[in-house]
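The structure appears right after this line, and notes come after that.
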Amino acid sequence: MTAASKKQVWRFFKFAVLSVFLVLTMFPFLWMLLTSLKGSQGEIYAFPVRYLPDPVSFVNYAAMLWKGNFARYLCNSFFTSSVAAACAVFISILASYVISRFRFRFKNVLLLFFLVTQMIPMFIMLAPLYQMLGKMRMLNNLYGLAMLYTNMMIPFSVVTLCGFFDGVPKSLEEAAWIDGCGYLQALFQVIVPVIMPGIAATFIFAFINSWNELFMSVMFIDVDKFKTIPVGLNALILKYDIKWGEMAAGTIMSLIPTMCLFTFAQKYMIEGLTAGSVKG
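Under this note's numbering, the residue at position 58 of the sequence shown is numbered 76, and the numbers go up by one with no gaps.
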């Protein structure tokens, strides 16, 4: 076998492996999409399995949008996730800058503490958090939920951004200081534009995790008008039945904001990578 033939075989093998991986990855999404287009529970539970909807029906989407409160759930999720992600990223930028640029005692211990907090099971903190929010009168409150999400996202965001700050030469700050900038001016006018890809990635992480969070939102929100998307979809699991069609339709619609965010952030990441901070 010639070198060219070996190269073609290897290329075909990689293509086949990636194709199988793509099918396995996309199959749950395609199955959910097809389920959302089936018009009745009988069609969903049919045996033998009917893979394609016949006929295609949008009754599940109509039920979620007009008969249910999906639009309100969507707004609630967008509000809590956006506020939590923005606050977590802003606080993490300040904390990461201090940890990366200044020397102080127990610096490594502090970073280790941030990592350890990610290993604590959420249910252990449930009782004290519930009491705290109750005393603050923030149960069934979107601001209280956003505050909890912010606290959840800060530790990992700090550790993530520290790596990006460490990769920025300190000479950029020194040049800004010579020009008369203070610490905050140097941070937000010089360093932040350089690490914008890292900030965008951290924001996406915080937003998606807040968007998908179910456990705390179920425990602290029981009023319908304050429910987020995961809580609203969870309510479709009834005592003797599960509304699979409506749940699939709601899940598909809940993916649209996150897909738009990824589309926007991808462009923003490229701009951050190609933008320079020093005039040549």
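Backbone N, C-alpha and C fix where the C-beta goes; we use that ideal spot for every residue, glycine too.
query	result
Outcome for threonine 20 when other beta-carbon atoms lying within 10 angstroms are tallied against a minimum of 16	exposed
Inter-stretch contact (C-beta, 8 Å, three-pair minimum) for the segment 195–206 and the segment 236–246	no
Status (buried if at least 16 other CB within 10 Å, exposed otherwise) for leucine 291	Note on leucine 291: pLDDT 47, under 50, position unreliable in the model; no value is reported.
Exposed unless 16 or more other CB atoms sit within 10 angstroms - verdict on cysteine 180	buried
Option nearest methionine 237 by Cα separation, candidates Ile222, Ala253, Phe223	Ala253
Aspartate 242 beta carbon near the ligand PLP (any heavy atom closer than 6 Å)	Looking for the ligand PLP in the displayed structure turns up nothing, as the structure carries no ligands at all.
DSSP bridge partner residues for isoleucine 255 (one or two, in chain order)	Ile260
Spatially closest choice to leucine 52 from Ile274, Thr269, Ala81, Thr276, by CA coordinates	Thr269
For threonine 168 and alanine 219, believed in contact at Cβ under 8 Å, the rounded distance	Not a contact, Cβ separation roughly 18 Å.
Residue range of the alpha helix (DSSP H) that includes methionine 214	214–230
Burial state of phenylalanine 33, where buried means 16 or more other Cβ atoms lie within 10 Å	exposed
For serine 75, the three-state DSSP class (helix, strand or coil)	coil
Candidates Met165, Ala80, Ala64, Val177: closest to threonine 135 by CA position	Val177
Simplified DSSP state of threonine 168, which is helix, strand or coil	helix
C-alpha gap between isoleucine 247 and valine 208, whole angstroms	38 Å
Closest by C-alpha distance to methionine 171, when choosing among Leu130, Phe108, Lys125	Phe108
Coil, strand or helix - phenylalanine 31 by DSSP	helix
Residue of Gln26, Leu112, Met277, Glu264 minimising C-alpha distance to lysine 85	Glu264
Phenylalanine 108, enclosing alpha helix (DSSP H) - first and last residue	88–119
Spatial distance of leucine 163 from isoleucine 138 (CA atoms)	19 Å
Threonine 281 - DSSP class collapsed to helix/strand/coil	helix
As assigned by DSSP and simplified to three states, the class of lysine 245	coil
Per-residue DSSP class, three states only, for serine 58	coil
Cβ neighbour criterion (16 or more within 10 Å) applied to glycine 60	exposed
Run of the alpha helix (DSSP H) containing lysine 85, from where it starts to where it stops	Run containing lysine 85: none; DSSP gives neither H nor E here.
For tryptophan 195 and serine 114, the rounded distance between their alpha carbons	19 Å
Cut-off 7 Å between Cβ atoms - residues of its own chain near leucine 144, not counting five sequence neighbours on either side	Met237
Alpha-carbon spacing of proline 211 relative to tyrosine 148, whole angstroms	39 Å
CB contact flag (leucine 55, proline 66, <7 Å)	no
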